[in-house]
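Trainee: If you read the sequence shown in our numbering, its first letter stands for residue -17, the second for the next number, and so on.
Here it is, the structure in full.
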Amino acid sequence: MKRYLLTIVLASAAALLSFRALACTNVIVTPGASADGSSMVSYAADSHWLYGELYFHPARNWKSGTMLAIREWDTFKPLGSIAQVAHTYQTVGNMNEHQLIIGETTWGGRAEQADPDGIMDYGSLIYITLQRARTAREAIQTIVDLATSYGYPSEGETFSIADPKEAWVMDLVGKGTDEKGIVWVARRIPDGFICSHANQARITRFPWNDPENCLYSPDVASYARSKGWYSGSDEDFSFRDAYNPLDFGGARGCEARAWSAFNILCDGKFTFTENGALCTRPASDWLDYAMGYDLDGEMPLFVKPSRKISVKDVADVMRDHYEGTPMDMRADIGAGGNACPYRWRPMNFKWDGKTYVNERAIATQQTGFWFVGQARAWLPDALGALIWFGCDDAATSYLTPIYVNTTEIPECLREGNGDLLHYSATSQFWINNRVTNSCYRMYDAMEPVVRAEVDAYERGMMAKVKEFDAEMLGLYNKGKARKVVKGITRFSVDNAQKQFLHWAGLEEMLTVKFIDGNVKAQDAEGRFLHSKYHEGTPEGLTQPGYTERWKAAVAHDHGDVLEVK
């Protein structure tokens, strides 16, 4: 069956998969689809060159004539400067004080569409827009204005943009050296629905006369015609097909992640709108599409989840490795003897004249930071803007809640506390890497221990946040704004620092418990069991060995030497 073959014949597909090793994943949840009525955006900033830290820019007034220096977000390359506005809003990470959230995934596009002289790279578009816009619609216009005024040097992008009332997905790409600016289209996600994207343009055909739900550049189709990339009518125009045509790499390395997010949140059934009516079909109908075998089976842009989605649901989707699907990364011998669902880069390898995939799941080892942002309309902005923030691989790291109107960032997440070339013992990024990289060596034994800690913390904090919101709202309604700011700052900082110290202790425990392939027993309180004769000698030590799949593969490969006669 072709569905289960991992062979890729086309060298171009292999090159594309390698290129897209720098990749991110977003999930967008509208208020009507969420359990508590919040808009949510999740984002994993996946890059082998990106450090995990929490950016912080307090609100500020600026003198007329002030210039803002622009550096490319992920390289620090100086790009130029632009005029600063009179007032900028406070931002924490990818969210601002007015509950605006912006995430992204990069999809490349045609090489000639990057403007080498442009100033506004994709990261600067995000973080400057957050300082200048209050709503999702304002953000879309700000992004367009900045790119048009100063030029756009980056590759194609899909942005997730949400505020407390609505959520949008926006595809955009530059015009190269032809002119400054971008061609783009943005669609409002129907309330009650969700969207996901992962390094592949997602918007195909779109409504041309529905400004409440769809916005676009006036030349979005005519520009493609002028370049010879499209020749049909406006009504048949597909943004994706013109500017980021889907191929095997775009499906298997990218769309597969969006499919998996939908599959999890919709419990295996996609409910979507087709010709004005709701339809429901099994997620498996798009499995060949996601795996790159049937590129004609276009996946819905929006789907209605089978249940109301919580913050924890979204966080756990970001931990996915295609479990339970044909792409399950634990299932083949590449997982080693301990079912490790990771493959080191590049994203493909060649053997005996053929090219094969190293799967790219939502959870990945190269995550710098990740978050789930919540815009909560039932609370004032002072309380409603909440970002659950974490560092490193989402599968074995935790999210801690940070109120965006805080006056202080926890030391463990503070900018400048270490970097990729300088270890910091007080950095959450580095301690999470120590825990995660420990798990990679005995994943089937160690990951459940870490995941239990993650789940306990996140569920506990979600209950704690609900209680704390009520307490702070009472103060806010009494006009005690200063106490609210002080309270949310202490809550954000103290809980983050407390969990950081707990994680440092967890890393020490993992070292002791799992050293040298052994597993030491513990009691219900976590104390190591020891013999009655000596407190430093383990009692109940086990050696779990390897998976059955690994044993079979080793026996097949080298059994004539290893067999006990």
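Glycine included, each C-beta is placed from N, C-alpha and C at the ideal position.
Predicted, not measured: the structure shown is a model, and the values here were computed from it.
For Pro554, count neighbouring C-beta atoms within 10 Å of its own C-beta (all shown protein chains included) and say buried if the count is 16 or more, exposed if not.
Mentor: The displayed coordinates of the chain run from -17 to 547. Any statement about residue 554 would go beyond what the structure contains.
Trainee: Which one of Ile122, Tyr109, Ser409, Gly210 has the shortest CA to CA distance from Ala41?
Mentor: Closest by alpha carbon: Tyr109.
Trainee: Tell me which same chain residues have a C-beta within less than 6 angstroms of the C-beta of Ile164, skipping the five on either side of it?
Mentor: Contacts found: Ala129, Tyr134, Leu154, Gly156.
Trainee: In terms of residue numbering, what span does the beta strand (DSSP E) encompassing Asp153 cover?
Mentor: Segment 149 to 156, the beta strand (DSSP E) holding Asp153.
Trainee: Tell me whether Glu139 sits in a helix, a strand or coil according to DSSP, three-state version.
Mentor: If DSSP states are grouped into helix, strand and coil, Glu139 belongs with the strands.
Trainee: Decide yes or no for the touch test of the segment 393 to 401 against the segment 101 to 120: beta carbon pairs closer than 8 angstroms, at least 3 of them.
Mentor: No contact exists between the segment 393 to 401 and the segment 101 to 120.
Trainee: Three or more beta-carbon pairs under 8 angstroms between the segment 72 to 90 and the segment 163 to 177, yes or no?
Mentor: No, they do not touch.
Trainee: Taking only three categories from DSSP, how would you classify Leu(-1)?
Mentor: Per-residue confidence for Leu(-1) stands at a pLDDT of 40, beneath the threshold of 50, marking its modelled position as unreliable; the derived number appears in the next sentence. Reduced to three states, the DSSP call for Leu(-1) is helix.
Trainee: Would you mind working out which of Cys236, Asn181, Ile122, Ala121 sits nearest Glu137, comparing C-alpha positions?
Mentor: Checked all of Cys236, Asn181, Ile122, Ala121; the closest Cα to Glu137 is Asn181.
Trainee: Considering only residues of the same chain and omitting the five flanking positions on each side of Leu32, which have a CB-CB separation below 7 angstroms?
Mentor: Cβ within range, chain order: Asp56, Gly350.
Trainee: Quick one: give me the first and last residue of the alpha helix (DSSP H) that Pro60 is part of.
Mentor: First-last for Pro60: 60 to 65, but that is the beta strand (DSSP E), not the alpha helix (DSSP H).
Trainee: Nearest by alpha-carbon distance to Leu368: which of Arg441, Arg301, Glu305, Asp451 is it?
Mentor: Closest option to Leu368, Cα to Cα, is Asp451.
Trainee: Can you check which of these residues, Cys6, Met22, Thr12, is closest to Val293 by C-alpha distance?
Mentor: It is Met22 whose Cα lies nearest to the Cα of Val293.
Trainee: Considering only C-alpha positions, which residue in the set Asp160, Ser131, Phe496, Thr124 is nearest to Met152?
Mentor: Checking every option, the nearest Cα to that of Met152 belongs to Thr124.
Trainee: If you draw a straight line from the alpha carbon of Ala3 to that of Phe331, how long is it in whole angstroms?
Mentor: With a pLDDT of 41 at Ala3, under the threshold of 50, the predicted position of this residue should be treated as unreliable, though the coordinate-derived value follows. Each residue's Cα considered, the two are about 13 angstroms apart.
Trainee: Whole angstroms is fine: what's the gap from Tyr458's alpha carbon to Tyr71's?
Mentor: Distance between the alpha carbons of Tyr458 and Tyr71 is about 20 angstroms.
Trainee: Tell me whether Ala68 is buried or exposed, calling it buried when 16 or more other Cβ atoms sit within 10 Å of its Cβ.
Mentor: So Ala68 ends up on the exposed side.
Trainee: Let me make sure I understand the geometry here. Which of Ala206, Arg119, Asp145 has the alpha-carbon closest to that of Gly158?
Mentor: The candidate whose alpha carbon is nearest that of Gly158 is Ala206.
Trainee: To the nearest angstrom, how far is the alpha carbon of Phe58 from that of Cys261?
Mentor: Each residue's alpha carbon lies about 47 angstroms from the other.
Trainee: Enumerate in chain order the residues of its own chain whose CB-to-CB distance from Asp276 is below 6 angstroms, with the five nearest sequence positions on each side excluded.
Mentor: Within the same chain, Asp276 has close Cβ partners Asp270.
Trainee: Leaving out five residues before and five after Asp426 in sequence, what residues of the same chain have Cβ atoms less than 6 angstroms from its Cβ?
Mentor: Taken in chain order, the residues that qualify are Asn320, Ala321.
Trainee: Taking the CB atoms as reference points, tell me whether Gln347 and Tyr324 lie closer together than 9 angstroms.
Mentor: The answer is yes: Cβ separation under 9 angstroms.
Trainee: Should Leu488 be labelled buried (16 or more other beta-carbon atoms within 10 Å of its own) or exposed?
Mentor: Leu488 is buried by the Cβ-count criterion.
Trainee: Following the continuous alpha helix (DSSP H) through Leu269, name the residue where it begins and the one where it ends.
Mentor: Where Leu269 is concerned, the enclosing alpha helix (DSSP H) stretches over 269 to 272.
Trainee: Given 8 angstroms as the limit, is there contact between the segment 182 to 198 and the segment 209 to 225, that is, 3 or more CB pairs closer than that?
Mentor: The segment 182 to 198 vs the segment 209 to 225: in contact.
Trainee: What whole-angstrom Cβ distance do Ser474 and Pro362 have, given they're in contact under 8 angstroms?
Mentor: No, Ser474 and Pro362 are not in contact; Cβ-Cβ is about 17 angstroms, not under 8 angstroms.
Trainee: Measuring straight from C-alpha to C-alpha, what distance separates Ala115 and Thr388?
Mentor: Going by the C-alpha atoms only, they are around 19 angstroms apart.
Trainee: Using only the alpha-carbon positions, how far apart do Trp370 and Arg289 sit?
Mentor: About 22 angstroms.
Trainee: Please report the residue range of the alpha helix (DSSP H) in which Asn415 lies.
Mentor: Where Asn415 is concerned, the enclosing alpha helix (DSSP H) stretches over 410 to 423.
Trainee: Going by C-alpha distance, which of Val285, Arg327, Lys251, Ala297 is nearest Pro264?
Mentor: The option with the nearest alpha carbon to Pro264 is Lys251.
Trainee: Where does Pro328 land, buried or exposed, given buried means 16+ other C-beta within 10 angstroms?
Mentor: Burial call: exposed.
Trainee: Going by other Cβ atoms of all chains shown within 10 Å of its Cβ, with 16 needed for buried, is Lys533 buried or exposed?
Mentor: Lys533 comes out exposed.
Trainee: For the beta strand (DSSP E) holding Lys468, just list the boundary residues, first then last.
Mentor: Not the beta strand (DSSP E): Lys468 falls in the alpha helix (DSSP H), residues 463 to 496.
Trainee: Name the residue from Met311, Val126, Thr140, Val74 whose alpha carbon lies nearest to the alpha carbon of Thr88.
Mentor: Residue Thr140 is the option with its Cα nearest to Thr88.
Trainee: Could you please give the first and the last residue of the uninterrupted alpha helix (DSSP H) stretch that includes Tyr225?
Mentor: Per DSSP, Tyr225 belongs to the alpha helix (DSSP H) from 221 to 225.
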